[in-house]
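First comes the structure, then the notes that go with it.
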Amino acid sequence: MSETTTFPTILSRTEALKYCRAEGIDRHIDLEPTDASIAPDPADLARIHQLIRGRKSFTVLEFGVGYSTIVIADALAKNRRDWEQLQPEPVIRNRFMFHCFTVDTSEEWIEISRNRMPEELRSFVTISHSGVSMGTHQGQICHFYDELPDVVPDFVYLDGPDPKAVQGKVNGLSFQCNERTVMAADLLLMEPTLLPGTMILVDGRTNNARFLKNNFRRDFDFNWHRQADVSTFELNEERLGKYNKLGSDFF
Ligand SMILES: C[S@@+](CC[C@H](N)C(=O)[O-])C[C@H]1O[C@@H](n2cnc3c(N)ncnc32)[C@H](O)[C@@H]1O
């Protein structure tokens, strides 16, 4: 695992708002609401959008539904538009081109997010519900979604679950303990079948990012950005073959 300097640009709020408006994201999301409990963070949303656009991502897996889901769908719609310009269209082994799979524990927020999703972006997103259960990874406590979308993403956004949604105990320990940080281990489960070049963006959850860093076995480039409170992982391996190339290989 190597620490690298390659990282998405950190935008100020003004720059992020400018980026979101230029991309038309403000058509879909009120970027400066007066009432929401968790207001959209333009810097977070711009970062996600820039990364997915910059990498021409094909298939996204998102943990934690919300405004980000709309932004991901918008970026994928634009990636498809660019892809359709390629003639002849390259052949890729992927049934889920330009699609976002979001998993969440809250039926309420799934419903809210489905209703918020602009009509023109709905075909780019599948939102599914799943419980989360406490478990262990090599004797270390952590948690896993009970039902993950059966896909191989090339971009992952880790921003869920809510720790209070984690069920179960291990030797009396639980995630109902307020002092215990979230510790999602789903990506350790998925690691062996991830494709070279895959990127993982972790929003906050620094303890969780370090757990993944310490337990991933493959060669990921890791980066933690304290100021922006985000971490990234990039699977730094040679492509498997022509059918497993990623969007960034074609632009
Ligand atoms: C950190 S939020 C996820 C936010 C989402 N990824 C985003 O960037 O907009 C974690 C959980 O809170 C719930 N949630 C989503 N949007 C919310 C909002 N605006 N206010 C409160 N809770 C929210 C969802 O159940 C989600 O899994």
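Numbering (our numbering), first residue to last: 1124 to 1374.
Just so it is clear, CB atoms sit at the ideal spot from N, CA and C, and this is done for glycine as well.
The structure presented is a predicted model; accordingly, all values stated were derived computationally and were not measured.
Asked                                                                                                                                                                             : Found
With the cut-off set at 7 Å, would you say PRO1272 and PHE1224 are in Cβ contact?                                                                                                 : yes
Is it right to say ALA1307 is buried, meaning 16 or more other beta carbons lie within 10 angstroms of its own, or is it exposed?                                                 : buried
If you reduce the DSSP assignment to three classes, tell me which class THR1205 lands in.                                                                                         : The sequence shown places Asp at residue 1205, rather than the Thr named in the question. ASP1205: helix per DSSP, three-state reduction.
Is any heavy atom of ligand 1 found at a distance shorter than 6 Å from the C-beta of SER1256?                                                                                    : no
Is the beta carbon of LEU1171 sitting closer than 7 Å to the one on SER1191?                                                                                                      : The residue asked about is misnamed: residue 1171 is Ile in this sequence, not Leu. Yes, Cβ-Cβ distance for ILE1171 and SER1191 is below 7 Å.
Label PHE1374 either buried or exposed according to how many other C-beta atoms from any shown protein chain fall within 10 Å of its C-beta, with 16 as the threshold for buried. : exposed
Counting along the chain, where does the beta strand (DSSP E) carrying GLN1263 start and finish?                                                                                  : 1263-1268
With DSSP as the reference, label GLN1299 as helix, strand or coil.                                                                                                               : coil
Apart from the five residues on each side of it in sequence, which residues of its chain come closer than 7 Å, Cβ to Cβ, to PRO1319?                                              : LEU1358, GLU1360, GLU1361, ARG1362 and LEU1363
Going by DSSP, what residue range makes up the alpha helix (DSSP H) through TYR1142?                                                                                              : 1136-1145
Indicate, with yes or no, if ligand 1 has a heavy atom lying under 6 Å from the CB of ALA1282.                                                                                    : The question names Ala, but residue 1282 is Asp in the sequence shown. ASP1282: yes, Cβ under 6 Å from ligand 1.
Please confirm whether PHE1267 and GLY1254 have their CB atoms less than 7 Å apart.                                                                                               : no
To the nearest angstrom, report how far apart TYR1310 and ARG1328 are at their CA atoms.                                                                                          : The question names Tyr, but residue 1310 is Leu in the sequence shown. Going by the C-alpha atoms only, they are around 14 Å apart.
Give the single residue among GLU1231, ASP1205, ILE1233 and TRP1232 whose Cα lies nearest to the Cα of MET1220.                                                                   : ASP1205
Quick check: the Cα distance between LEU1317 and THR1157, rounded to an integer number of angstroms?                                                                              : 40 Å
I'd like the span of the beta strand (DSSP E) that includes PHE1356, first residue to last.                                                                                       : 1353-1358
How is VAL1293 classed by DSSP in three states: helix, strand or coil?                                                                                                            : strand
Give a single yes or no on whether GLY1187 has its beta carbon closer than 6 Å to a heavy atom of ligand 1.                                                                       : yes
Would DSSP call ILE1250 helix, strand or coil?                                                                                                                                    : strand
Taking the C-alpha atoms as reference points, what is the distance between LEU1209 and VAL1289?                                                                                   : 44 Å
Got a sec? Which residues, its chain only, sit under 7 Å from ALA1332 by beta carbon, not counting five neighbours each side?                                                     : VAL1325, TRP1347 and SER1354
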